[in-house]
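Q: Going letter by letter, the sequence shown gives residues 3 to 508 in my numbering. Just so you know, even glycine gets a beta-carbon here, dropped at the ideal spot from N, CA and C.
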Amino acid sequence: MKRAKSIMVMGTMSSSGKSFVTAGLCRIFHQDGFRTAPFKSQNMALNSYITKDGYEMGRAQVMQAEAAGIAPDVRMNPILLKPTSECGSQVIVNGEVLDTMRATEYYRRKQEMIPQIVRAYDSLAAENDIIVLEGAGSPAEINLKSVDIVNMGMANLSDSPVILVGDIDRGGVFASLYGTVALLEPEERRRIQGIVINKFRGDVSILESGLRMLENLTGIPVLGVLPYAPIDLDEEDSLAERLTQHGKKQGAALDIAVIRLPHISNFTDFDIFDSAEAVSLRYVTHPAELGTPDWVILPGTKSTMADLRWMRQNGMEAKLLKLHEKGCLITGICGGFQMLGKTISDPHQAEGGGSMRGIGLLAMDTVFSTQKQRRQIQGQVCQLPESLRALSGAAAAGYEIHMGQSTSQGVDVPLLRLDNGETDGLCTKDGQVFGTYLHGVFDAPEFLQPILQMLLQKNGNAEITAQPVDRAAYKETQYNRLAELLREHLDIPKIYDILNQWESAS
C-alpha cells in the first residue's frame, strides 16, 4: 500500500508559528492538487471542536483541515489534553474522555498512547498524498525527551523530515534556533532540513548576514523569513493576541466585553465579532476594565465552579449584576451559561465535588454528570421576548461539549428548538439575559446580526448596520492569503525537494 509523504513543522517555543506554517503548507499542497491532511499526535488546548461523528479534537487541526480542503477528522489529533488545574488535565484519546490525570501520571502512561497514535497516523497516511505534522512547544525540552510522543518522537515514528520555526518578534531568534539544534541528538539533528524565521517586521536585508551565519553554524538552510502579517486564523492557545484586546476599538458603535475567565475555552466562538466594523470586542480580566459595555458575554470554561469563584472573589460578579440592573445585555455560552443559573451541583466530582450558588440571572439548576455531551446540532430560535423578537425563527447551529445538564425552573423561555425535538438554552422574559450550550452559534450571520441591530438601536445608533461576514467564505480568503504569503517568502520548491528526497533517502 502506498504511504503518504510527510513533513513536520516544529518550533523553538510555544506560539512560534507552528500552526500558522502547518496550515499554510496544507493550503499550498491542496492548491497544487495533493490530498493533504494535518496531524498532531498530542495537543494541549481548551479550544476544541466536535466532529460530525461526535468526537472531540483540537481546534488547530480543525483549522488546518479546513486549509487542506477536507473535513476535520479526529485521527488528525488522537490525543487532546484539556487542563483542569495547574498540574492536571482531562485526557481525551481518539475523541473520547479517557480520564483526568495529574501531569506525573500522564507522563508515566504516555508510552501507552503510542499504538493509538500510530494507528491514527497510518490510517491517514494510507488515504492521503501528504501529511503535514505539527510538533508542540519545543523539541529541545531535554527533561521530556525520553517520553516524547509529539516532537522528535513523532518524527521518528512517522519518519518525517522537519522544518524548524523561530519567532523573531519575541527576540533572541538566532540563539533559540541554534540552541534548539545544539540540544538535539545527531540523529534528531539530521531530520531538520530547513529553518523558517517568523513574524519579522522591517527590512529583511538587515537579517542577511545573520541568516548566513546561522546556516554555517547549524549546517541547515534557511528556507525564508515570514513577515508579521495580519492573517486571521482560528487560535487555540491562551497566548493568543486577541485575548489581550482590553480597550474599545476607536470609532466602534458597539462595545462588547467577554469575561476572560482563568480557564476560558472555545474563545473562537467570538472571532466572528471582529468581522463587523461597527463592533468592538474586548476581553476583560478585572472589574475595572468592564466599564459600561452594550453586551457582556460569559464564555465557555473547563472549570465552571472554579471560575465562578474567581468572579465572586475579584468582584466581577458584583460588577456584572450592577450592569444587569442598568439594562446591559448579558449572555452565557456553555460554562458561562451554567454560571448564570441559580445553582450548580457536582455530585460525581467532575470538578472536585460540592455545590454552589450561581449568579442567579436565569432560573435553572445545573448538575454535572460523568458523561460528556458531544455533538453537532442544528435548530431554530424560539419565539423570544419583544427586545429579541427579530431573532425569532432564525436558523441556529453549533456543537456541544459539556458534562452538565441544566434544568429550567419554568420561569424563563427556551432559546432554541433543536432538530431532534429538544430545546436548548434559556432567555429571560424581558430578553435581557440569555444563554446556550451551543458553541459556534454566533457564526451564522442570521443569528448574530439581529442581536447587533437591537443593541445599535438601543444605544442610539439605529442608522448603522452591523453586518457580520459569512464565516466560511471569510476563512477561505484567509487560507488563500496565507498560502500566498508562504509562496512569496518561503522556498516552496525546496520544501517539495525535502519531501521527495527524504522519501528517497528513507
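Run through DSSP, which three-state label would M3 get?
A: Numbered from its first residue, the sequence shown carries residue 3 at position 1. Per-residue confidence for M3 stands at a pLDDT of 48, beneath the threshold of 50, marking its modelled position as unreliable; the derived number appears in the next sentence. Reduced to three states, the DSSP call for M3 is coil.
Q: Can you tell me which of the three DSSP states Q252 falls into?
A: Along the sequence shown, one-based indexing puts residue 252 at 250. Reduced to three states, the DSSP call for Q252 is coil.
Q: Helix or strand or just coil, what does DSSP make of L457?
A: Reading the sequence shown from its first residue, position 455 is the one you call residue 457. The three-state secondary structure of L457, taken from DSSP, is helix.
Q: Tell me where the beta strand (DSSP E) around Y401 begins and ends.
A: By one-based count along the sequence shown, residue 401 stands at place 399. Note, Y401: beta strand (DSSP E), A397 to S410.
Q: With a threshold of 8 Å on Cβ separation, who are the neighbours of P188 within its own chain once the five nearest residues in sequence on each side are excluded?
A: Walking along the sequence shown from the start, residue 188 turns up at place 186. Nothing listed; no residue qualifies.
Q: Based on DSSP bridge pairs, tell me the residues matched to I136.
A: Working through the sequence shown from its first residue, we reach residue 136 at position 134. Position check: residue 136 holds Glu in this sequence, whereas Ile was assumed. Looking at the DSSP assignment, E136 forms a beta bridge with V11.
Q: Which residue wins for smallest C-alpha separation from L48, given the options Q252, I165, Q351 and H441?
A: Taking the first residue of the sequence shown as 1, we reach residue 48 at position 46. Checking every option, the nearest Cα to that of L48 belongs to H441.
Q: Assess, as a yes-or-no matter, whether the segment 182-197 is touched by the segment 24-42 under the definition of 3 or more beta carbon pairs within less than 8 Å.
A: no
Q: Taking DSSP as the reference, what is the three-state secondary structure of G375?
A: The count along the sequence shown starts at 1 and reaches residue 375 at position 373. The sequence shown places Gln at residue 375, rather than the Gly named in the question. Three-state DSSP puts Q375 in a strand.
Q: Going by DSSP, what residue range makes up the beta strand (DSSP E) through E58?
A: Mapped onto the sequence shown, residue 58 falls at position 56. Annotation: the continuous beta strand (DSSP E) that includes E58 extends over E58 to G60.
Q: Are the CB atoms of A157 and R193 nearer to each other than 8 Å?
A: Reading the sequence shown from its first residue, position 155 is the one you call residue 157. Reading the sequence shown from its first residue, position 191 is the one you call residue 193. Pairing A157 with R193 gives a Cβ-Cβ distance under 8 Å.
Q: Curious, which full-length alpha helix (DSSP H) runs of at least 4 residues does the segment 155-199 contain?
A: 175-184 and 188-193
Q: Would you grab the beta carbon distance between V149 and M12 for me? Rounded to a whole angstrom, and I think it's under 8 Å.
A: Taking the sequence shown and counting its residues from 1, the one referred to as residue 149 is at position 147. Taking the sequence shown and counting its residues from 1, the one referred to as residue 12 is at position 10. About 17 Å; that fails the 8 Å criterion.
Q: What residue does the alpha helix (DSSP H) around Q113 start on, and which one ends it?
A: Locating residue 113 in the sequence shown gives position 111, where the first residue counts as 1. Segment: none, Q113 is in no alpha helix (DSSP H) and carries neither H nor E.
Q: Using DSSP bridges, identify the partner residues of I222.
A: For the purposes of this step, residue 222 is taken as residue 220 along the sequence shown, with counting starting at 1. Among the bridge pairs identified by DSSP, I222 is matched with none.
Q: Does the beta-carbon distance from M366 to K344 come in below 8 Å?
A: Within the sequence shown, numbered from 1, the residue matching residue 366 stands at position 364. Within the sequence shown, numbered from 1, the residue matching residue 344 stands at position 342. Their beta carbons are under 8 Å apart, which means M366 touches K344 by this criterion.
Q: Please name the residue, chosen from Q315, E402, L256 and T303, that lies closest to P289 on a Cα-to-Cα basis.
A: Reading the sequence shown from its first residue, position 287 is the one you call residue 289. Closest option to P289, Cα to Cα, is Q315.
Q: Tell me which residue opens and which closes the alpha helix (DSSP H) that D150 is part of.
A: Taking the sequence shown and counting its residues from 1, one reaches residue 150 at position 148. Unbroken run through D150: none, as it is neither H nor E.
Q: With a threshold of 7 Å on Cβ separation, who are the neighbours of D493 within its own chain once the five nearest residues in sequence on each side are excluded?
A: Looking up residue 493 in the sequence shown gives position 491. Once the five neighbours on either side are set aside, the close Cβ partners of D493 are L225 and G226.
Q: As a quick exercise: from V281, K374, V175 and L300, pick the residue whose alpha carbon is nearest that of F269.
A: Position 267 of the sequence shown, counted from the first residue, corresponds to residue 269. The shortest Cα separation from F269 among V281, K374, V175 and L300 belongs to L300.
Q: My guess is that E190 and M215 are in contact by the Cβ rule of under 8 Å, so how many angstroms apart are they, rounded?
A: Working through the sequence shown from its first residue, we reach residue 190 at position 188. Working through the sequence shown from its first residue, we reach residue 215 at position 213. E190 to M215, Cβ: 22 Å. No contact.
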